[in-house]
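Protein chains in written order, with our numbering: chain A, 385 to 718; chain B, 385 to 718; chain C, 385 to 718; chain D, 385 to 718; chain E, 385 to 718; chain F, 385 to 718.
Here is the structure:
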């Protein structure tokens, strides 16, 4: 379908955008999905300085790169989460402030709204990100966990995100939650519950990323079919099961990259994601946004990987059929 | 083995042959397997006008394309079938006539004979096609269906096709039935029964096409091994199961391309056919005919698909080994 | 749940009911699902003679057997089917008449209505059966088959069965279509299409029989979940795949019992049906009707089989849980 | 091997022990594994009143029941856990106190020590239970979670449990952690890490329960082989995957018993646990303790289930072979 | 089919026959398949003393036990094998003699003939056993092994066994080779090669034992279908794969019973043999001989095992169907 | 990781090295692993003529080819094997001599030592090869085979190879046994046993070749993990299972290339070896030696195959990751 193939910059934030843009351009990418961290896309600067977004656009254009979505995973995570020290490492000081959990959550919510404003200025209509969740930590229902506890988590999500989504609507920007463990939605059933909780707010949809569904044994195509009008953005990321009777699907508190884990992220095309049926499903629902490679593989050189992932996507992004075969065969009739 | 890789033109009959030949040549095909519909290969014209076949050859040669087989699937289907309105759409008016079923069947039989005659003039030794079947519609044995009913179907097939095959023998042409649901032979056991019925007529063999075996769970290599001297032609076509607990292998009266079906045709290389063992089997039996891509995929742009299918076949069509490894190792002895 | 375990008498119609009732009672069955053929339940006699149904009840009660459903598969098949010689063998002469297809279909429709009337007299609220289908024979879409052809088949079904269902409603009887190849509904998608066609008529539902779903790779539990308010009756029947690379799932025009088929019916408990999840699903939807063993296995002595099937069902028909485990654990709190 | 088959009373704590003992005895159990909640085994009473344990023994003996292990899952859970409202429901008021988390943890630790004391008085050498975990909630490593965080959790475990285990050693009692999500050890790698953390304390081992390994895809036999000298007790409990492409192995915040979950507990023998290899492994390591049925199945009547589970275990608890087959064959030599 | 269920005594030769007969009778066996070692059936005594076979029969009859086959596996093994010290342990001194390999082979051949003579006297028509093989040790073709070497092995087999089989024919006894690794035939292709080598001698057939096919991944039913007229006897023995990524299907020179092996024998019903299709296949070919349990499981008490194996066989040995279901359904026609 | 990709010359020994070197260079190989047979690397000449190794190096360098390992599989095989005629074909006359088995074994041992000496002169630090085994032929434990017999085989191995390994140590050369059926080590457990037997001699390790593990169902990655410090060299060779219910994993005494075998070698990338996890494992253990393609496929033209295998390896030999993703994400913190 010749969709844009972009590179999500989140895993490259150690590189200045200028460096990364040059590389991505060389590798053949059509564009970048800028992370709102590192110097890639700084929301505060975008809002305070009119020249900031222009300069970013100029930089990208100088390398022939488009940008149609930006991403606020790290700050978004803090909106609903119980806050601990780990969050400090992922947000700007202005969001962390004194670290009081409720304060962090509220400042994070405001930052997510600001991000929509900055996106609008930058000419981008999709912001991807995480939501966090106040109930993720109660994942396994022991001690016995009443549904009322879980309901409270979804209410908390709706309370915090409805005003954010209202702001997004005003800015003409849509928010794509990356469905992912630790978020309010991590599979089909919780995505439905989240949509129900937020009243199917038109600004709220999903950044489809199959890599998070694979280790849950959820069929990515079933997700697309279920939420066909809510696929706002697509990540190309892959994961692989490595179950051998000793490893656990819960991965044993082991780091990504540890071979004793029950699953891991791998370079797109090397995992258990079947891309062909996903492309067909995206074609069916008429998705025309970018295919954005979120490259993460703890066992492979990332430059090698970005290159082969791009090649993989180019080989998969075919257009749907425009010819009915019956018609062709029917030409037997003169 | 550097077999010819040809494109079966049946799914491209909406294009004039001239247009298609130019495209196929550009894509790198070695030749075409012309369908006897559209303007690709018109039997009546080939018989009435001596210049017709010469002109076709000239056209093909102008594009550097060979043609070693033609195909009469649509008319062939009418020879044994109970005839209904659907058949009207697939045959020329001269075969349909007044639409009286027995009349259609007899005219179709004559057309299939004429096709051999035209093939001979055109310098082609293989005609592929369908046979139809008077008993396919009794596939599931309810109401209880005695074997006598089925035997009658095979007798009907033999009665109608033996004279056709005799004519083929006279023309030095062989007929390759594409083993396929709706035909007198659709798997290994029915192919054997058909051969038995027709007395293993030397003109009657098969156009091997693994895509029709996949949704029946028949191993394509087992078919080749079983009928190693009857593989007259090979179609490269692929199919994929898409069983998810809700879809049926019988496909629910749903159109090809509907994702709720239990299986579908897909571009060669993207389905469940394992091509490597098929190439090995073809090498073992000494098959030297073309590998003819019958491209059909309701979910992919056909030009993209034809190109990638050709590339796939080129990567698979290896020659057999000429060296015995024991011999090599044995050189240890001086 | 201590549901009634009954024996469907269709496969035992060579035995007089008196003989069969004695056997079934000895084996430990709770009741019989009488077939409307043989001398088991004769609709014409039930309607013309008031004493007929009383005598049947007396006979059953003498053996301690209940009857809560009767079955009209054979006549029902003729309502929508294209009629051929095979149908003659499965209907009474009064339905066959002169064998003119439309006449047979109309007389069969009336007989199905009469069956409801007889059921009412007999004190039975469920009649199971087949519907036939005018489009089953177009199962595989070659020659190319437009959806309009299929739609016409569902319209034909609705036209013929709506008045029948209206009559059923008047008699306070429900009709359970056994979802089955050759019928208007044979899987989830066609069952939905049939319900849509007939306007979700409240008298029309299903006789759930998992054995017909297994060789289609349809999950029986998915069927129950999808049509949870339409499960009017349940057949306990089993099937087994016997795919070995040479056999076809379409079964090669071979008789049941032939080991070269790709699947076959087997005694309940010996096939691929997983009964435990089915019992759980039936418990969830609150199904309280009988579990009726339709015993068919071409490779096993039927008396041995009926006995072991009954034992299998007794070992599976457990009641749902009434205790919440959280509550129990919660008693830790004093 | 004719091991004792006992019933763990945790899921039956709504019944007075007297009632349950009568039932278990009727069903044929050899003994009970008493839960330290409900009135089954009350640690405080056992310590304050010398007659308490005698009366319990008398009650059990009156029903011919042994007791060789007691269980303190609920209180044990509070030793390392972050405490929330859910914990209030699972501990006695004297442990909950004012609910201050650290206070709850310390009182829980003391109660676990007291349980060993009570066990000694009661003549029981194994106490099973949970440990809780301060790091379980960081299961998925986002926000990025350094190993230092996890290490701290294991240190916390060691700090809290080493003195408890020292006390156990003094009382001649061993503690069997039920390896389970939400605990410091939930699979093979975390069990090893826990053992390392606690210096392989001789009082610390495992209550082997395969049902918690199944939904993690960990082979129960691998666990036994790995920790062959640390299997202090065995639970017979079963679980079943119900992955269908839409359900998640993380179970979507859905209650046990909800069919949309990716897995669930089921009555022993009905799940994915393969019991035969487990019995062989237990025979190899010389395990001579009880096989204690922890019955939990949200979809089955528990009395039906306890009965069938007992029958299942009786059919599996075979003794190892004492004869070498070579020797027997060797008798060919006279 | 109510076939005799017998116990093969080979694994019980440490027990005097009198002891074993009493046990087997108590367990419910119908008969014994006597091993020609231990005191179970001594060929030399049977030939030298007319009273020997009568006394054996009396002993068996006193326990209500039949005997329709005897077995000479140990001596048979020596007929073709390269002889080493291991063979000394499995044959009588009179066969071993001075241990010169060719002498042992020839004496073993004579003993196998004598066994037929003894069988005839004893009234038994089937002798089961092994053949040995001069080429088994060349199993893996390195150093490179020409087919001429293998052919020589089959010629050696034919040379040694044709005279033996001629003798069997004279005695009216048939020989059932237990197809098994280390024998001249160990799978379908080698069984065919052995039959070809020995000219399809009518006295030479097979003692079908599925346990030896399972670890080779050969379908036991395919074996029965292939050699339907050569199934002279049936062993009920089971095996189970225990492949875990570390174990090898070649079993690493580890003893039976070692859990690190890639497969092992287990009590019938506990392994990977599917008995139902085997019974159906035996019914189809009309096999009416005994089902003889060869019980071998290094991890289970053999008395427990013999009992449960017998129960398993009784639950499987069903008769074929005598009723055509179409006929039953066809009674719809009055 | 940009390891050297070399071609093992063993299967090309029918070609003079000069011819092969030219081809390999053209195809793009980085080097050759020279076989010590044919004219590729002649140990006797290397020892007697100082110019020999220089000339070889010159030849290789002229084609831009490295050589970092040589291989002595054929002679090595004779060190422990029982010797038969097949060995004559694989060793030089000077090793075979009069063919007396013990003499052959001792001369072979000396030749293996000489090979280390020649390797040292040639500037190569790794010699790959086979060991043979005196117990391989006792693979299947019938007649009953005591562990003492197997132990004797490992002792024999240690006795013969310890002095060889001592010599290797002196020459600064390491020996990589290709773990393979017919060798003293053919899987994980026997490799451990061999290492134990030889006292973990530092000169003794493995030439890792996954193709020999695949038909044993051993996970190649498990092998690498188990022997991470003993992987001295790596062969890229592939194998494929072709089990169809009739073929045996033991391969029925059939030649490589026969489609009735249960498995066969195939061109790397076309078999069941999963290369990606192997590359990751090699990266983890820090293996920096060559990836040496041992090309063997009885069904494919070897020149086609060598080319595609090289391309496959180039596409897999990626470097490990140098960036921690947490760090990148952590840049959210300014």
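Each residue gets a CB set at the ideal place from its N, CA and C atoms; glycine is no exception.
Discussion item. Any beta carbon from chain B within less than 7 Å of residue 622 of chain A's own beta carbon?
Written reply: In the first chain, residue 622 of chain A corresponds to position 238, counting from 1. Not an interface residue.
Item to complete: Give me whichever residues DSSP pairs with residue 648 of chain C in a beta bridge.
Response: Within the third chain, the letter at position 264 stands for residue 648 of chain C. DSSP output for residue 648 of chain C lists C:624 as bridge partner(s).
Item to complete: Report, in whole angstroms, the separation of the C-beta atoms of residue 672 of chain B and residue 387 of chain B, which I expect to be a contact under 8 Å.
Response: The count along the second chain starts at 1 and reaches residue 672 of chain B at position 288. The count along the second chain starts at 1 and reaches residue 387 of chain B at position 3. Confirmed, Cβ separation roughly 7 Å.
Fill in: residue 558 of chain C, DSSP secondary structure in three states
Working through the third chain from its first residue, we reach residue 558 of chain C at position 174. In this structure, residue 558 of chain C counts as strand in the three-state DSSP scheme.
Item to complete: Have a look at residue 688 of chain C and residue 539 of chain B and give me their C-alpha separation to the nearest angstrom.
Response: Numbered from its first residue, the third chain carries residue 688 of chain C at position 304. Numbered from its first residue, the second chain carries residue 539 of chain B at position 155. Cα to Cα, residue 688 of chain C sits roughly 40 Å from residue 539 of chain B.
Worksheet entry | Cβ-Cβ separation, residue 619 of chain A to residue 392 of chain A (assumed contact under 8 Å), whole Å | Taking the first chain and counting its residues from 1, one reaches residue 392 of chain A at position 8. Taking the first chain and counting its residues from 1, one reaches residue 619 of chain A at position 235. Contact holds; Cβ gap of about 7 Å.
Discussion item. Closer than 8 Å is the cut-off here; do at least three beta carbon pairs connect the segment 607-625 of chain A with the segment 660-678 of chain A?
Written reply: yes
Practice prompt. Taking residue 623 of chain D as the reference, give the member of D:605, D:646 and D:638 with the closest Cα.
Written response: Along the fourth chain, one-based indexing puts residue 623 of chain D at 239. Selected option, being the one with the closest Cα: D:646.
Discussion item. If distances are taken between C-alpha atoms only, which option among F:571, F:580 and F:412 comes closest to residue 592 of chain F?
Written reply: As a first step, residue 592 of chain F is located in the sixth chain; it is residue number 208 there, counting from the start. Nearest C-alpha to residue 592 of chain F: F:571.
Worksheet item: For residue 629 of chain E, which residues of its own chain have a beta-carbon under 8 Å away from its beta-carbon, when the five flanking residues on both sides are left out?
Response: Locating residue 629 of chain E in the fifth chain gives position 245, counting from the first residue. Within the same chain, residue 629 of chain E has no close Cβ partners at all.
Discussion item. I'd like the list of long-range same chain contacts for residue 682 of chain F, defined as Cβ closer than 6 Å, with 5 residues on each side in sequence excluded.
Written reply: For the purposes of this step, residue 682 of chain F is taken as the residue at position 298 of the sixth chain. Only 640 and 641 meet the Cβ criterion.
Practice prompt. Specify, as a first and last residue, the run of the beta strand (DSSP E) that residue 417 of chain A falls within.
Written response: Looking up residue 417 of chain A in the first chain gives position 33. Residues 415-419.
Practice prompt. Out of F:595, F:680 and F:631, state which residue places its alpha-carbon closest to the alpha-carbon of residue 658 of chain F.
Written response: For the purposes of this step, residue 658 of chain F is identified with residue 274 of the sixth chain, where counting begins at 1. When each option's Cα is compared against that of residue 658 of chain F, the closest is F:595.
Worksheet item: Using CA coordinates, which residue listed in E:475, E:662 and E:598 is at the minimum distance from residue 527 of chain F?
Response: Numbered from its first residue, the sixth chain carries residue 527 of chain F at position 143. Residue E:475 is the option with its Cα nearest to residue 527 of chain F.
Discussion item. Using a Cβ-based criterion (distance less than 6 Å to any ligand heavy atom), does residue 657 of chain F qualify as near the ligand NAP?
Written reply: Only the bare structure without any ligand can be found here, which leaves the ligand NAP out of the picture.
Worksheet item: chain F beta carbons: is any one of them nearer than 7 Å to that of residue 470 of chain E?
Response: Residue numbering aside, residue 470 of chain E sits at position 86 when the fifth chain is read from its first letter. Answer yes: the Cβ-Cβ gap between residue 470 of chain E and chain F drops below 7 Å somewhere.
Discussion item. Taking its Cβ as the centre, do 16 or more other Cβ atoms sit within 10 Å of residue 532 of chain E, making it buried, or is it exposed?
Written reply: Walking along the fifth chain from the start, residue 532 of chain E turns up at place 148. Exposed.
Discussion item. Please report whether the beta-carbon of residue 685 of chain D lies at a distance below 7 Å from any beta-carbon of chain C.
Written reply: Taking the fourth chain and counting its residues from 1, one reaches residue 685 of chain D at position 301. Yes, because at least one Cβ of chain C sits closer than 7 Å to the Cβ of residue 685 of chain D.
Item to complete: Answer with buried or exposed for residue 655 of chain A, where buried requires no fewer than 16 other C-beta atoms within 10 angstroms of its C-beta.
Response: Locating residue 655 of chain A in the first chain gives position 271, where the first residue counts as 1. The residue is buried, with at least 16 neighbouring Cβ atoms inside 10 Å.
Worksheet entry | 8 Å contact criterion, which residue 508 of chain B and residue 559 of chain B should meet: CB distance rounded | In the second chain, residue 508 of chain B corresponds to position 124, counting from 1. In the second chain, residue 559 of chain B corresponds to position 175, counting from 1. Incorrect: roughly 12 Å between the Cβ atoms, too far for contact.
Discussion item. Just to make sure I have the definition right: I need the residues of chain A whose C-beta is within less than 9 Å of the C-beta of residue 602 of chain D. Which are they?
Written reply: Along the fourth chain, read from residue 1 onward, the residue named residue 602 of chain D stands at position 218. Ordered by position in chain A, the residues that pass the 9 Å Cβ test against residue 602 of chain D are 627, 629, 630, 631, 632, 633 and 646.
Worksheet item: What did DSSP end up calling residue 616 of chain C once you bin it into helix, strand or coil?
Response: As a working mapping, residue 616 of chain C is identified with position 232 in the third chain. It is a strand residue.
Worksheet item: Which residues, taken in chain order from the segment 667-682 of chain C, show a beta carbon closer than 8 Å to some beta carbon of chain D?
Response: 667 and 668
Worksheet item: Got a sec: which bits of the segment 514-536 of chain B sit with their beta carbon under 8 Å from any beta carbon on chain A, in order along the chain?
Response: none
Practice prompt. Kindly identify the DSSP beta-bridge partner or partners of residue 452 of chain C.
Written response: Here residue 452 of chain C refers to the residue found at position 68 when the third chain is read from its first residue. The partner list for residue 452 of chain C (beta bridge, DSSP) is empty, contrary to what the question assumes.
Worksheet item: According to the neighbour-count rule (16 or more other Cβ atoms, all chains shown, within 10 Å of its Cβ), is residue 500 of chain C buried or exposed?
Response: Here residue 500 of chain C refers to the residue found at position 116 when the third chain is read from its first residue. It counts as buried.
Item to complete: Run down chain C in chain order and give the residues with a C-beta less than 9 Å from the C-beta of residue 643 of chain D.
Response: Locating residue 643 of chain D in the fourth chain gives position 259, counting from the first residue. Those within 9 Å of residue 643 of chain D in chain C are 605, 609, 661, 664, 665 and 668.
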